[in-house]
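Residue numbers (my numbering): 1212 to 1356. Single-structure report; data block below.
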């Protein structure tokens, strides 16, 4: 079953990604306490399987927090998910696009940024349509309108 594996909050721009066991997603705003809020890119999501594939191809073991995403899900492919609706626990999200990797990825590990540009390796960005408290271990699923 697809699962929410991790939650990270970035409390300041370019600041560290703080792992948390639970968080609040707020409609039209994003992750409570996160530096980046509002707009179409309220939070970012990566796939555990895609991250593991990237680090294997890179030949390194890297903690997923290096990606600087807010959520990590397992058992779900995010590739070409633009426009799809995603349920994380009780929260409802709309995937608005592919997250492009930035220079911080290259600084973390040479070659990582280039690998992430293929097949949505950087994950997806989304907006919160229906807010809720979420917890690591919550179920995740695609929804229809």
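Glycine included, every Cβ here is placed at the ideal spot set by N, Cα and C.
Round the Cβ separation of residue i and residue j to the nearest angstrom and send it over; I've been treating them as touching at under 8 Å.
i, j, result
"residue 1213", "residue 1329", "Actually they do not touch by this definition, with Cβ atoms about 22 Å apart."
"residue 1232", "residue 1347", "5 Å"
Which of the three DSSP states, helix, strand or coil, is assigned to residue i?
i, result
"residue 1262", "helix"
"residue 1267", "helix"
"residue 1230", "strand"
"residue 1250", "coil"
"residue 1217", "strand"
"residue 1354", "strand"
"residue 1273", "coil"
"residue 1244", "coil"
What's the call for residue i, buried or exposed, on a 16-neighbour Cβ count within 10 Å?
i, result
"residue 1310", "buried"
"residue 1321", "exposed"
Do residue i and residue j have their CB atoms nearer than 7 Å?
i, j, result
"residue 1256", "residue 1334", "yes"
"residue 1268", "residue 1326", "yes"
"residue 1296", "residue 1331", "no"
"residue 1216", "residue 1285", "yes"
"residue 1224", "residue 1240", "no"
Point to revise | Complete runs of the beta strand (DSSP E) confined to the stretch 1312-1348 [at least 3 residues] | key: 1335-1341, 1343-1346
Check your understanding: What beta strand (DSSP E) runs, 3 residues minimum, are completely inside the stretch 1276-1311?
Key -> 1282-1285, 1296-1299, 1302-1309
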